[in-house]
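Asker:
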Amino acid sequence: MEIRLETPADYYAVESLTREAFWNLHVPGCDEHLLVNLLRENEIFLPKLDFVALLDEEESGEAAIVGNIMYAKAILRDLSGQDCEVISFGPVSVLPCHQGKGIGSALIRHSLEQARLQGHQAVLIYGDPAYYGRFGFRPGEELGISGEEGYYNPALQYLELVPGYLPRSGSYFILDPVYQLDEAAVAVFDRRFPGKVKEYRPSQDHFREMLALSRPRE
Numbered sequence: 087m088e089i090r091l092e093t094p095a096d097y098y099a100v101e102s103l104t105r106e107a108f109w110n111l112h113v114p115g116c117d118e119h120l121l122v123n124l125l126r127e128n129e130i131f132l133p134k135l136d137f138v139a140l141l142d143e144e145e146s147g148e149a150a151i152v153g154n155i156m157y158a159k160a161i162l163r164d165l166s167g168q169d170c171e172v173i174s175f176g177p178v179s180v181l182p183c184h185q186g187k188g189i190g191s192a193l194i195r196h197s198l199e200q201a202r203l204q205g206h207q208a209v210l211i212y213g214d215p216a217y218y219g220r221f222g223f224r225p226g227e228e229l230g231i232s233g234e235e236g237y238y239n240p241a242l243q244y245l246e247l248v249p250g251y252l253p254r255s256g257s258y259f260i261l262d263p264v265y266q267l268d269e270a271a272v273a274v275f276d277r278r279f280p281g282k283v284k285e286y287r288p289s290q291d292h293f294r295e296m297l298a299l300s301r302p303r304e
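First residue of the sequence shown: 87, per our numbering; consecutive thereafter.
#1: Measure the C-alpha to C-alpha separation of Ala-208 and Leu-111 and round it to an integer number of angstroms.
#2: In chain order, which continuous runs of the beta strand (DSSP E) of length 3 or greater are located wholly inside the stretch 238 to 294?
#3: Kindly give me the distance between the Cβ atoms of Ser-179 and Phe-223, rounded to whole angstroms, as I take these residues to be in contact under 8 Å.
#4: Just to confirm, is the Cβ distance from Leu-245 to Phe-221 under 9 Å?
#5: Gly-80: which of Lys-284, Val-152, Ser-166 and Glu-295 sits nearest, CA to CA?
#6: According to DSSP, Val-178 sits in a beta bridge with which residue or residues?
#7: Where Gly-188 and His-196 are concerned, what is the direct C-alpha to C-alpha distance, given to the nearest angstrom?
#8: Count the other CB atoms within 10 Å of the CB of Asp-117; is the residue buried (16 or more) or exposed (fewer)?
#9: How would you write the range of the beta strand (DSSP E) that Glu-88 sits in, first residue to last?
#10: Comparing C-alpha positions only, which one of Ala-150, Ile-130, Cys-183 and Gly-190 sits nearest to Glu-171?
#11: Have a look at the DSSP bridge pairing and note the partners of Leu-140.
#12: Our contact map puts Gln-290 next to Val-113 with C-beta atoms below 8 Å; I'd like the distance itself, whole angstroms only.
Here it is in structure tokens:
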């Protein structure tokens with residue numbers, strides 16, 4: 087497997103694999119492929135932390151893109167209104183036929199090391215704690231970190247690349263409005279790709295269960 091930075095020639099392939107990876111995973115259909123497209127044009131995007139994973143195809147012997155991870159800037163605002171800059175990754179995408187081979191883990195570990203070398207100090211994400219805990223991520227609530235609307239959720243996790251960087255007295259994790267995707271825009275963008283059926287999958291139940299664990303700050 088090869089891991090390298092994404093190039094403009096990769097854009098459609100990355101959007102396609104992201105769509106395949108997330109289709110019907112959390113909800114019927116998905117919108118992560120549009121997020122990938124919009125992030126690249128946003129000032130918060132970190133192109134030096136935008137990696138693709140490639141594997142040689144058995145039939146052709148040529149390398150094909152099978153995974154991707156993207157990072158962007160975000161803000162952690164403490165209770166006094168002071169901001170500190172953090173970064174966040176996602177989507178992390180691997181083609182379904184190559185999932186379970188360690189590709190996503192390799193992308194995460196490689197990119198976290200590169201983030202540390204590039205001087206970034208902390209990473210905050212939303213994701214399944216059972217998966218991301220293996221990379222050292224901890225529940226945000228440990229440090230009093232809630233989402234922007236003031237709700238704690240186990241999916242909100244942090245990793246300090248520089249120990250002691252994050253405030254310990256409570257804060258809000260603030261993402262750029264680019265993450266608030268419009269359903270109509272998603273539908274229009276989705277026409278660029280082959281048709282797929284939106285349907286229920288059991289994984290959607292787990293996603294709803296995670297959302298239901300949200301609770302307000304005291």
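Note that beta-carbon positions come from the ideal geometry of N, C-alpha and C, so glycine has one too.
Answerer: The short version:
#1: Each residue's Cα considered, the two are about 28 Å apart.
#2: The stretch 238 to 294 contains, as complete beta strand (DSSP E) runs of 3+ residues, the segments 242 to 246 and 257 to 260 (chain order).
#3: Rounded, the Cβ-Cβ distance is 18 Å, inconsistent with contact.
#4: Yes, the pair counts as a contact, with Cβ atoms nearer than the cut-off.
#5: What the structure shows of the chain is the stretch from 87 to 304, and residue 80 is not part of that stretch, so it cannot be assessed.
#6: BP columns for Val-178 point to Ile-155.
#7: So the two alpha carbons sit approximately 12 Å from each other.
#8: Result: buried.
#9: Counting along the chain, Glu-88 sits inside the beta strand (DSSP E) bounded by residues 88 to 91.
#10: That would be Ile-130, whose Cα lies nearest to the Cα of Glu-171.
#11: Partner residues in the beta bridge of Leu-140, as assigned by DSSP, are Glu-88 and Ile-151.
#12: Rounded, the Cβ-Cβ distance is 6 Å, consistent with contact.
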